[in-house]
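Notes follow the structure.
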Amino acid sequence: MQLYLPIAEVSVNIFLLLGIGGIVGFLSGLFGVGGGFLITPLLFFIGIPPAIAVATGANQVVASSISGVLAQLKRKAVDLRMGVVLLLGGLVGSALGVWVFAWLTAAGQVDLFVQLSYVLFLGLIGLTMFLESVRALLRSRRPGGPIRRSHTHNWVHGLPFKMKFRASGLYISVLPPLGVGALVGFLAAIMGVGGGFIMVPAMIYLLGMPTKVVIGTSLFQIIFVTAFTTLMHAVTSNTVDMILALLLILGGVVGAQFGARLSGKLKAEQLRILLSLLVIGVAGKIALDLLLRPAELYSVTPGLLP
Amino acid sequence: MIRALALFLLLTFPAYADEEIIAGLSQNRVSITADFAGSEILIYGAVKRDGPVPGGSKLQVLITVEGPSTPITVRKKERRAGIWINTEAVQIGSAPSFYAIATTGPMADVLTQTEDLRHQITIPRAIRAVGISDQARDAPGFVEALVRIRQDEDLYRLSENSVSLTQDTLFRTDVILPANLTEGAYRVRMFLTRDGAVVDRLERRINVRKEGLERFLYNLSREQPLIYGLLSLLIAVVAGWGASAAFRLMKA
């Protein structure tokens, strides 16, 4: 069944869109990532214009994150205080990112920069996560080995402005979470994603938060960052397609519920290995696009250069 | 005086100045609604004559359907430091968003190059690319790429022998408008030719417009973008919350 999308101005199969929404929503609920880094390339692939894919993808991420956060809230797996601190940093970083994005667009190399950031950040994070999780899994299978303390003191604990984060069991300075939030917000604005795939490992490895609350807290923060992005796109470039978003959302919210349910059943290490493999896969695909000779060297964009 | 004028006309348009197109379209407006999946337009007509059918050369019919034109930027990728990146760009002043040509015979028989230049009929002529040569090393290659890409997307097409002409008088053709249609006025041009020279021409318009919900959402997104954006977010919030609540009920 075909449906004409009013803003994207293309006709697409309804079930295809529901399916894409469902798969991305499932992964979103499972790993606590918004899914923006998956949905945007998938929409390109089925012929949605890139600007509309980015903006509408952000709108879909809002819905799947809300659905996921509610499921996590019920399990008391959201550190709201930490979420708000991350968000404050995130909005500052996002505003800065939007400004840099505009500057890069004027320079004419924004596509390349976005692709390179994807390869660099996804690849680096995916690889680190994968190695760390495999090591942790091996350690847990070999009893009698040296026990690694989950909470080691490092330079992070020497910083001022300490705050209690009860849900995470942390008493640390607010500066590192603010910094992490700002970095993620900045990258999110430039790469057109929610930033969960950067946020989740940063919370685990940089802030030392327990994996249990990481997913819910990340989703909580993603809701606001992507809502901000959606609104910015709708107002500045009219690129949010409501009908497209609605179909992706319908598929997505259902998928997210199944994902969240399954995430409660899997071990944290297994979950991290799966997420890292997914992240490495996407990074590899984008790297190949950059390295291999494209089938068509030319590309057509309506409108003139700015 | 009148006789002299008639003689002049007879000399400038020898033999077939008296052939004229009368034509119609199956519809002169296309409504894009939610279930729009393309549209087929029937273009039909007849040749009106005052005298007998002129002998000699064959009568040909050529029909073009042209969507609204926009400026276009064509970019080319090149390998730099091991990766493929956009290097050169050429800005094309105006290119139609859709362009279909239907003829009764091979293009070379239907139209001479001079007539093509005068009436801007073939695909390369329909693209206005003036002053592009200093924008890139191989500027014409960029225009060719635009034509190639749009032909692959079925937005530009040349269908020779797709107009049927009965007894040198009645003609008809079907033009399929694709699903990814842009809004605007579509220009339909019909040409009668003999020996590649245009004998008569006629122009009609088809209005392509979004209707109903599509129209409403499109207008809202342009006229009240903030409200549109907030509405999109509201849908996301309600859907996210609704799904969560529905699953809780199902579990209970």
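Residue numbers (our numbering), protein chains in the order written: chain G, 1 to 306; chain F, 1001 to 1252.
Note that the Cβ used here is the ideal one computed from N, Cα and C, for glycine as well.
The three-state reading of DSSP puts Pro-1052 of chain F in coil, since its state is none of H, G, I, E or B.
In this structure, the beta-carbon distance from Val-1053 of chain F to Thr-1073 of chain F does not fall below 9 Å. The beta carbon of Pro-294 of chain G sits closer than 9 Å to some beta carbon of chain F.
For Ala-1185 of chain F, not one C-beta of chain G is nearer than 9 Å to its own C-beta. Within the stretch 5-36 of chain G, contact with chain F at the beta-carbon level (separation under 7 Å) is assigned to Pro-6, Ile-7, Glu-9, Val-10 and Ser-11.
Annotation: Gly-1093 of chain F is outside any alpha helix (DSSP H); the continuous beta strand (DSSP E) that includes it extends over 1083-1096. Here DSSP, grouped into helix, strand and coil, assigns Thr-1122 of chain F to coil. Assignment of Lys-74 of chain G by DSSP, reduced to helix, strand and coil, places it in the helix class.
At a cut-off of 9 Å between beta carbons, Gly-284 of chain G makes no contact with chain F. Residues of chain F with a Cβ closer than 9 Å to the Cβ of Ser-67 of chain G are, in chain order, Ala-1239, Gly-1240, Trp-1241, Gly-1242, Ala-1243, Ser-1244 and Phe-1247.
According to DSSP, residue pairing for Val-1074 of chain F in a beta bridge involves G:Val-300 and F:Val-1090.
At least 9 Å separates the beta-carbon of Thr-1169 of chain F from that of Ser-1162 of chain F.
Here the alpha carbons of Lys-162 of chain G and Gly-264 of chain G stand approximately 31 Å from one another. Chain order gives the chain F residues near Asp-111 of chain G as Asn-1086, where near means a beta carbon separation below 7 Å. By the 16-neighbour rule on beta-carbons within 10 angstroms, Gln-257 of chain G is buried. Boundaries of the beta strand (DSSP E) around Glu-1203 of chain F: 1197-1210. C-alpha of Leu-275 of chain G to C-alpha of Val-282 of chain G: approximately 11 Å in a straight line.
By the neighbour-count criterion, in which a residue is buried when 16 or more other Cβ atoms sit within 10 angstroms of its Cβ, Gln-1060 of chain F is buried. Looking at the DSSP output, Gln-60 of chain G bridges to nothing. Nearest CB-CB separation between Ser-1232 of chain F and chain G: below the 9 Å threshold. DSSP places Ala-1102 of chain F in the strand class (E or B) of the three-state scheme. Among the residues facing chain F, Leu-291 of chain G is included, as its CB has a counterpart in that chain under 9 Å away. In the DSSP annotation of this structure, the continuous segment of the alpha helix (DSSP H) that includes Val-200 of chain G starts and ends at 196-201. Residue state for Ile-48 of chain G is assigned as coil, using DSSP reduced to three classes. Residues Tyr-1099, Ile-1123, Val-1147 and Arg-1150 of the same chain have their beta carbon placed closer than 7 Å to that of Tyr-1156 of chain F, with the five preceding and five following residues left out of the count. Gly-195 of chain G and Leu-187 of chain G do touch by the CB rule: their CB atoms are close to 6 Å apart, below 8 Å.
The three-state secondary structure of Asn-13 of chain G, taken from DSSP, is strand. Contacts between Leu-91 of chain G and chain F, judged by CB atoms closer than 8 Å, are missing: the closest CB pair is about 16 Å apart. Between the stretch 1061-1068 of chain F and the stretch 1176-1191 of chain F there are three or more inter-stretch CB-CB distances shorter than 8 Å, so the stretches are counted as touching.
A buried status is given to Pro-1096 of chain F, since no fewer than 16 other beta-carbon atoms sit within 10 Å of its beta-carbon. Using a Cβ distance threshold of 9 Å, Leu-1233 of chain F and Thr-40 of chain G do not count as a contacting pair.
For Ala-1145 of chain F, the chain G residues whose C-beta falls within less than 9 Å of its own C-beta are Glu-296, Leu-297, Tyr-298, Ser-299 and Val-300, listed in chain order. Residue-level contact by beta carbon fails for Arg-1029 of chain F and chain G, as no gap is shorter than 9 Å. Rounded to the nearest whole angstrom, the CA to CA distance from Leu-1181 of chain F to Gly-68 of chain G is 37 Å. According to the DSSP assignment, Lys-285 of chain G belongs to the alpha helix (DSSP H) that extends over 268-291. Nearest neighbour of Asn-13 of chain G by Cα position, chosen from G:Gly-25, G:Leu-43 and G:Val-24, turns out to be G:Leu-43.
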